[in-house]
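A.B. asks:
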Amino acid sequence: MRICVLGCGRMGALTANTMCAEGHEVTVIDKNADAFKRLSPDFTGHKIVGNGLEKSTLIKAHLENMDAFVATTNYDTRNILGATIAKKIFSVPKVVARFYDQDRAKIFNAFGIETVCVTSIGSQMVENIILGING
Amino acid sequence: MKKYNFILIVGGGHLGYHLAKELLEKEYEVIIIERDKTVADAIRKELGDVVVLGDGTDLGVLKMAGIERADLVVTTTGYDEDNFTIALMAKNQFKVNETFSRLRDPNNEEIFKLCGISQTVCSTSVILELLEQSIEKKSVIPIAALDKGNIEVLDLVLDQYSPSIGIKIRDLGLPLGVLIISVIRGDKSIIPKADTTLSLDDEIILLIPKGLGDEVQKFFVVND
Chain A
23 MRICVLGCGR MGALTANTMC AEGHEVTVID KNADAFKRLS PDFTGHKIVG
73 NGLEKSTLIK AHLENMDAFV ATTNYDTRNI LGATIAKKIF SVPKVVARFY
123 DQDRAKIFNA FGIETVCVTS IGSQMVENII LGING
Chain B
171 MKKYNFILIV GGGHLGYHLA KELLEKEYEV IIIERDKTVA DAIRKELGDV
221 VVLGDGTDLG VLKMAGIERA DLVVTTTGYD EDNFTIALMA KNQFKVNETF
271 SRLRDPNNEE IFKLCGISQT VCSTSVILEL LEQSIEKKSV IPIAALDKGN
321 IEVLDLVLDQ YSPSIGIKIR DLGLPLGVLI ISVIRGDKSI IPKADTTLSL
371 DDEIILLIPK GLGDEVQKFF VVND
């Protein structure tokens with residue numbers, strides 16, 4: 023699969039490293055070139071420095087050829103706009119956005135964007151551990 | 171009768187502040203959401219108790235500010251992604267009748283419109299338009315004065331007023347030494363021949379003897 027990851031923070035880099043190691047063609051976009059230090063030395067994908075909400079950057083990343091787009095910047099709103107552009111303008115088949123706020127995640131889930139709310143997932147796991155439930 | 175009963179402005183920067191001030195003078199009911207405490211306090215001092223301190227992209231803050239009874243939400247933050255998120259929440263979650271959104275990047279107009287946020291204002295586009303209107307209408311750009319020899323290169327586009335439209339190159343009566351080296355039509359470049367007929371929107375690249383620029387332009391462009 024060809025996958026574009028927006029934002030090379032901890033989650034973006036981990037997703038990129040893992041999927042690249044599994045043999046997928048990965049392109050990572052980040053505003054800050056330093057962020058690519060989080061990528062593993064074995065990472066063989068493409069790195070693009072630029073604002074991932076700007077059309078010129080997304081064209082450079084060949085978003086129109088992607089099978090999937092993952093928005094993992096530190097801001098829910100950036101992930102919302104990035105994911106919507108990927109879906110509606112570049113017609114990327116699979117679009118996922120990372121959220122911190124679960125209310126926002128719920129709303130945008132209804133808009134046809136796959137949402138992953140790390141806060142809900144994390145708190146659920148904490149609860150499972152405390153109550154001794156095996157997730 | 172006022173057009174709006176309650177207007178919610180998200181973002182208390184210069185745009186949000188002045189808008190609120192004008193609207194309050196016209197006796198509209200207005201609330202501003204601003205996330206920076208210093209800015210919020212300053213607005214409160216000037217305009218009174220019309221500020222809600224908080225992040226306007228947060229559902230709870232929007233509710234606290236009364237979005238459920240707003241009939242217009244104006245998003246004026248400095249971030250397109252925040253304005254986009256707020257406008258979408260206003261429309262889809264809270265069924266607000268109308269939204270106006272500020273835009274920074276003119277390219278984002280497309281995605282806002284695709285998502286039903288049709289009322290956008292982009293100051294970049296507005297200034298760009300003003301700028302383009304003020305540029306001389308004659309569409310002639312001398313791309314280079316070649317250093318060696320007395321030859322200049324001209325690049326021009328034929329607009330609807332061009333006297334050369336529909337005329338064969340042979341019949342233009344160009345001065346001696348003027349050479350059309352390329353006609354760009356759509357995305358194709360045509361090697362011009364004597365019987366090539368020029369048409370609207372053609373881009374013409376010419377080599378001309380130095381100093382003949384003004385004279386040659388008259389064949390293709392009407393000065394107003």
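One line per chain: the protein sequences are A and B, in this order.
So in my numbering, spot 98 of the first sequence is number 120, and the numbers just go up one at a time.
So in my numbering, spot 132 of the second sequence is number 302, and the numbers just go up one at a time.
Glycine included, each C-beta is placed from N, C-alpha and C at the ideal position.
1) Mind the definition here: the region 107 to 119 of chain A touches the region 139 to 157 of chain A only if three or more C-beta pairs lie below 8 Å; say whether that holds.
2) Following the continuous beta strand (DSSP E) through A:D52, name the residue where it begins and the one where it ends.
3) Compute the Euclidean distance between the alpha carbons of B:V227 and B:N262, then round it to the nearest angstrom.
4) One question on the structure: do A:R101 and A:A93 come within less than 8 Å of each other, judged by their Cβ atoms?
5) Look up B:Y187 in the DSSP assignment and say whether it is helix, strand or coil.
6) Name the residue from B:L349, B:L382, B:K388 and B:L342 whose alpha carbon lies nearest to the alpha carbon of B:L368.
7) Cβ atoms of A:G72 and A:K53: under 8 Å apart, would you say?
8) Let me see if you follow: with CB-CB separation under 8 Å, is B:M234 close to chain A or not?
9) Along the region 278 to 304 of chain B, what residues have a CB closer than 9 Å to any CB found in chain A?
10) Work out the CA separation of A:T49 and A:M33 for me, nearest whole Å.
11) Near A:L75, what residues of its chain come up, given a Cβ to Cβ distance below 6 Å and the 5 sequence neighbours on each side ignored?
12) I need the DSSP call for B:R239, collapsed to helix, strand or coil.
13) Using a C-beta to C-beta distance shorter than 9 Å, which residues of chain B count as neighbours of A:E47?
14) Spell out whether any CB of chain A is found under 8 Å from the CB atom of B:L223.
15) From B:V221 to B:E302, what distance separates their C-alpha atoms?
16) For my contact list, B:V266 and B:V243 are in at a C-beta cut-off of 8 Å; report their separation, rounded to the angstrom.
17) Three-state secondary structure (DSSP) at B:E195?
18) Starting from the N-terminal side, write out each stretch of the beta strand (DSSP E) that is 3 residues or longer and does not extend beyond the region 231 to 294 of chain B.
19) Give the residues of chain A in contact with B:E204, contact being defined as C-beta atoms less than 8 Å apart.
20) Measure the alpha-carbon distance for A:N96 versus A:Y122 and round it to whole angstroms.
C.D. replies: Well, looking at it:
1) Judged by Cβ distances under 8 Å, the region 107 to 119 of chain A makes no contact with the region 139 to 157 of chain A, as fewer than three pairs qualify.
2) Per DSSP, A:D52 belongs to the beta strand (DSSP E) from E47 to D52.
3) Checking the displayed sequence, the identity of residue 227 of chain B turns out to be Thr instead of Val. If I take the Cα positions, the gap works out to 14 Å.
4) Before going on, a small fix: residue 101 of chain A reads as Asn here, not Arg. Going by C-beta atoms, A:N101 is nearer than 8 Å to A:A93.
5) Per DSSP, reduced to three states, the secondary structure at B:Y187 is helical.
6) The shortest Cα separation from B:L368 among B:L349, B:L382, B:K388 and B:L342 belongs to B:L342.
7) For A:K53 and A:G72, yes; Cβs fall inside 8 Å.
8) Interface annotation, B:M234: not in contact with chain A, CB-CB separation never under 8 Å.
9) Against chain A - using a Cβ distance shorter than 9 Å - the residues of the region 278 to 304 of chain B are N278, E280, I281, L284 and C285.
10) Separation of A:M33 and A:T49 (C-alpha to C-alpha, rounded to the nearest whole angstrom) is 14 Å.
11) Exclusion of the five residues before and after A:L75 leaves L103 and G104 as the residues of its chain whose Cβ lies within less than 6 Å of its Cβ.
12) B:R239 falls in the helix class under three-state DSSP.
13) Per Cβ cutoff of 9 Å: no residues; A:E47 is ~26 Å from chain B at best.
14) It does not: the Cβ of B:L223 has no partner Cβ on chain A nearer than 8 Å.
15) Looking at the two C-alpha atoms, the distance is approximately 39 Å.
16) Rounded, the Cβ-Cβ distance is 5 Å, consistent with contact.
17) It is helical.
18) Counting only runs that start and end inside the region 231 to 294 of chain B, the beta strand (DSSP E) elements of at least 3 residues fall at 242 to 245, 268 to 273 and 290 to 292.
19) Residues of chain A whose Cβ lies closer than 8 Å to the Cβ of B:E204 do not exist; the shortest such Cβ separation is about 16 Å.
20) Their Cα atoms are separated by approximately 9 Å.
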